[in-house]
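Student: Note that the sequence shown ends on residue 131 in this note's numbering; no numbers are left out. Just so you know, even glycine gets a beta-carbon here, dropped at the ideal spot from N, CA and C.
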Amino acid sequence: MIDIGKQVAHWRKSAEEDWLVAQDLVSQDKIRHGLFFAHLALEKTIKAHFCKATGELASKLHNLVRLSQKAGLQLSESQIDLLAEVNEFITSAIK
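In structure tokens form, the structure reads like this:
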């Protein structure tokens with residue numbers, strides 16, 4: 037049986053760590069690397085919500101917009117646009 041509480045705690049802790057790394061990298065003018073870790077932090081935060089909301093293991097998606105939809109998050113257009121922009125940055129950075 038899946039312990040959803042542990043899954044949520046795992047994703048939250050990992051997201052917090054990645055967010056701190058993102059902030060540190062940006063403060064060192066390593067913007068591209070900082071944005072990568074910011075994406076990871078956002079993804080893991082959404083995955084924590086997904087687990088809590090659905091009682092299931094997190095989806096393996098990395099697309100923040102699609103992941104948010106699967107998690108049932110009610111986002112404004114500006115929030116969706118921001119997540120889409122972060123997705124686009126990550127997609128173009130890994131090509």
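Who are the Cβ neighbours of residue 48 in its own chain at under 8 Å, not counting the five residues just before and after it?
Tutor: Correct list, in chain order: 80, 81, 84.
Student: What residue range does the alpha helix (DSSP H) around residue 59 cover?
Tutor: Segment 40-63, the alpha helix (DSSP H) holding residue 59.
Student: Compare the beta carbon distance of residue 116 and residue 98 with 9 Å and say whether it is the shorter of the two.
Tutor: Not closer than 9 Å, so no.
Student: Between residue 105 and residue 61, what straight-line distance do the alpha-carbon atoms span, to the nearest angstrom?
Tutor: Taking the straight line from one Cα to the other gives about 29 Å.
Student: Measuring only the C-alpha atoms, how far is residue 103 from residue 94?
Tutor: Whole-angstrom Cα-Cα distance: 9 Å.
Student: For residue 122, which of 96, 46, 86, 75 has the nearest alpha-carbon?
Tutor: For residue 122, the nearest C-alpha among the options comes from 75.
Student: Give me, in chain order, the residues of the same chain whose beta-carbon lies closer than 6 Å to that of residue 88; leave out the 5 immediate sequence neighbours on both sides.
Tutor: Contacts found: 44.
Student: By how many angstroms is the C-alpha of residue 46 removed from the C-alpha of residue 120?
Tutor: Each residue's alpha carbon lies about 25 Å from the other.
Student: When the Cα of residue 54 is compared with those of 69, 65, 107, 41, which residue comes out closest?
Tutor: Nearest of 69, 65, 107, 41 to residue 54, Cα basis: 69.
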